[in-house]
Each structure stands twice: as C-alpha cells, then as structure tokens.
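In case it helps, the numbering used here puts the sequence shown at residues 5 to 194.
Report on one structure; see the data block that follows.
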Amino acid sequence: MINLIIFGPPGAGKGTQAQIIAKKYKLTHLSSGDILRQELKNGELGKKIKKYQDAGQLVPDSIIIAMMEKAATNKIKGRGFIFDGYPRNIRQAKSLDKFFKSHKISLGQVLNLRLSEVVAIRRIILRGKTSGRSDDNLKTIKSRYKVYRTQTAPLLEYYRAQKKITNIDGQLPIMEAFAKIETVIAKIAK
Ligand code: AP5
Ligand code: MG
Numbered sequence: 005m006i007n008l009i010i011f012g013p014p015g016a017g018k019g020t021q022a023q024i025i026a027k028k029y030k031l032t033h034l035s036s037g038d039i040l041r042q043e044l045k046n047g048e049l050g051k052k053i054k055k056y057q058d059a060g061q062l063v064p065d066s067i068i069i070a071m072m073e074k075a076a077t078n079k080i081k082g083r084g085f086i087f088d089g090y091p092r093n094i095r096q097a098k099s100l101d102k103f104f105k106s107h108k109i110s111l112g113q114v115l116n117l118r119l120s121e122v123v124a125i126r127r128i129i130l131r132g133k134t135s136g137r138s139d140d141n142l143k144t145i146k147s148r149y150k151v152y153r154t155q156t157a158p159l160l161e162y163y164r165a166q167k168k169i170t171n172i173d174g175q176l177p178i179m180e181a182f183a184k185i186e187t188v189i190a191k192i193a194k
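This is the structure we're talking about:
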C-alpha cells in the first residue's frame with residue numbers, strides 16, 4: 005500500500021497531480037474540497053459548508069474529519085490513498101495519524117508543491133472563468149491564502165519532524181512536476 009499526501013497552497017496543482025498519481029498507481033484520490041462540494045446541495049449541512057468555502061475559511065474539524073474518515077474507511081482495502089487538501093491543520097493531521105495507526109498502515113510521503121503566491125493566484129483567477137467554484141475570485145483567494153499560511157503551512161514542520169516531506173517545484177509544467185513525483189514514489193514503493 006502506498007499512502008501519500010499532496011500538499012501546497014491553493015492553486016498549487018494538488019488536484020491536478022493527485023488525479024494523475026491516482027490513475028497511474030491505482031490509488032484512491034480523496035480530495036476534501038471535492039468531498040465538501042458534493043455536499044453543497046445537502047440542506048442545512050450544505051449551507052453551512054458553503055458559508056465557510058465562500059469566505060475562504062476552513063470548514064469546522066467536526067464536519068470534515070468525520071467525512072474523510074468515512075471516505076477512507078470505505079476504501080481501506082484498496083492499493084492506498086492520495087489525500088488532497090487534507091489534512092489542513094494539526095488536529096486533522098493527528099486524526100489522520102490515528103487513522104493510519106488503527107489500520108496498521110503508514111504514511112509514505114508528503115509531496116509539497118511549492119510555487120509563488122503570484123503564480124498561484126493567477127492560476128485560480130484563470131480557472132474561475134470556467135470552474136463554477138464560487139471561491140475562485142480574488143477576494144476569497146486572498147483569504148484562502150492567508151488561512152493556508154497561518155493554519156496549514158505549520159503542518160510542514162509537523163511532517164518534517166516525521167521525515168516525511170519532499171518538496172516538488174509546483175511551477176514546472178504539469179507532466180514535468182509529475183515526473184519528479186514518480187521518482188519519489190519509486191523510492192518509497194521499493
Ligand atoms: P480545496 O478545494 O482543497 O481548494 P484549495 O486548497 O484552495 O486548492 P485548489 O483546489 O484551488 O487548488 P489545487 O492545489 O487543487 O490546484 P489545481 O490542481 O486545481 O478547498 C476549498 C475549500 O474547501 C477551502 O477553502 C475550505 O473552505 C474547504 N476545505 C477543503 N478541505 C478542507 C479541510 N481539510 N478542512 C477544512 N476545510 C476544508 O490547479 C489550479 C489551476 O492551475 C487549475 O486550473 C490547473 O489546471 C492549473 N494547473 C495545475 N498545475 C499546473 C501547472 N503545473 N502549470 C500550470 N497550470 C497548472
Ligand atoms: Mg484542489
């Protein structure tokens with residue numbers, strides 16, 4: 005089993021790379037953002053999620069942790085996971101560690117996509133023209149970025165302490181960044 009986390013700020017290419025990785029290595033792609041967006045039409049819960057997403061704030065842990073655990077448990081018999089957009093704070097990371105432990109599996113590596121804020125914002129504004137995502141606008145992206153810096157980026161220290169971080173240049177063309185990722189996976193799959 006190969007278990008990965010794809011990490012990075014909004015617009016880094018997490019979803020893009022996770023899809024390619026999942027296809028090539030037959031992993032289960034679990035995107036917390038996508039899982040939350042699937043719930044948007046779901047009555048009161050949907051309204052609550054939309055409020056947080058539109059403000060660029062993290063949805064409360066009590067909602068997202070349970071959803072991710074359920075989605076992962078459903079696929080525990082697969083070849084492994086690529087977590088995308090999760091974990092996003094220390095509490096989520098600790099909960100994921102617990103999940104791994106309770107199923108006697110382990111984290112292979114955190115793939116940290118790095119890029120400048122200017123490039124990330126440009127990508128999201130461009131995507132906003134066609135994505136239909138109500139959070140792909142300049143105002144919300146600024147707050148998503150701030151949340152990344154204050155709540156999510158500190159996880160790099162957490163995983164560095166576990167020696168699980170590999171930095172990937174997120175500004176490379178998509179398939180070039182993927183080629184770098186393949187060399188990392190080749191090492192941990194040995
Ligand atoms: P989420 O959906 O996770 O959004 P995000 O982290 O802000 O990131 P994006 O999905 O915008 O970017 P990405 O890194 O996936 O890049 P992508 O591949 O799309 O979260 C949305 C919201 O949901 C959060 O704000 C929060 O409210 C809530 N939420 C989600 N997870 C949560 C959690 N764990 N806890 C609490 N709340 C949570 O690429 C971006 C664009 O760039 C695309 O157009 C793509 O085609 C293009 N692109 C990609 N790679 C390249 C490249 N190498 N070169 C050129 N263009 C590229
Ligand atoms: Mg994404």
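Every residue gets a Cβ at the ideal spot worked out from N, C-alpha and C, and that includes glycine.
- Annotation: the continuous beta strand (DSSP E) that includes Asn7 extends over Ile6 to Phe11.
- Look at the beta carbons and you see the region 16 to 34 touching the region 113 to 120: at least three pairs across the two are nearer than 8 Å.
- In this structure, Lys168 is the residue among Lys168, Leu49, Glu48 and Pro177 with its C-alpha nearest to the C-alpha of Leu111.
- Taking 8 Å as the upper bound for CB-CB distance, Ala181 and Gln21 are in contact here, some 6 Å apart.
- Of all alpha-carbon atoms in Ile128, Arg153 and Ile9, the one lying nearest the alpha-carbon of Asn141 is that of Ile128.
- Taking Ile94 as reference, the option from Ala157, Asn171, Thr170 and Asp173 with the minimal CA-CA separation is Ala157.
- Ala124 places its beta carbon 8 Å or farther from that of Ile86.
- Distances between the C-beta of Ser35 and the heavy atoms of the ligand MG include at least one below 7 Å.
- For Arg41 and Gln166, the gap between their C-alpha atoms comes out near 31 Å.
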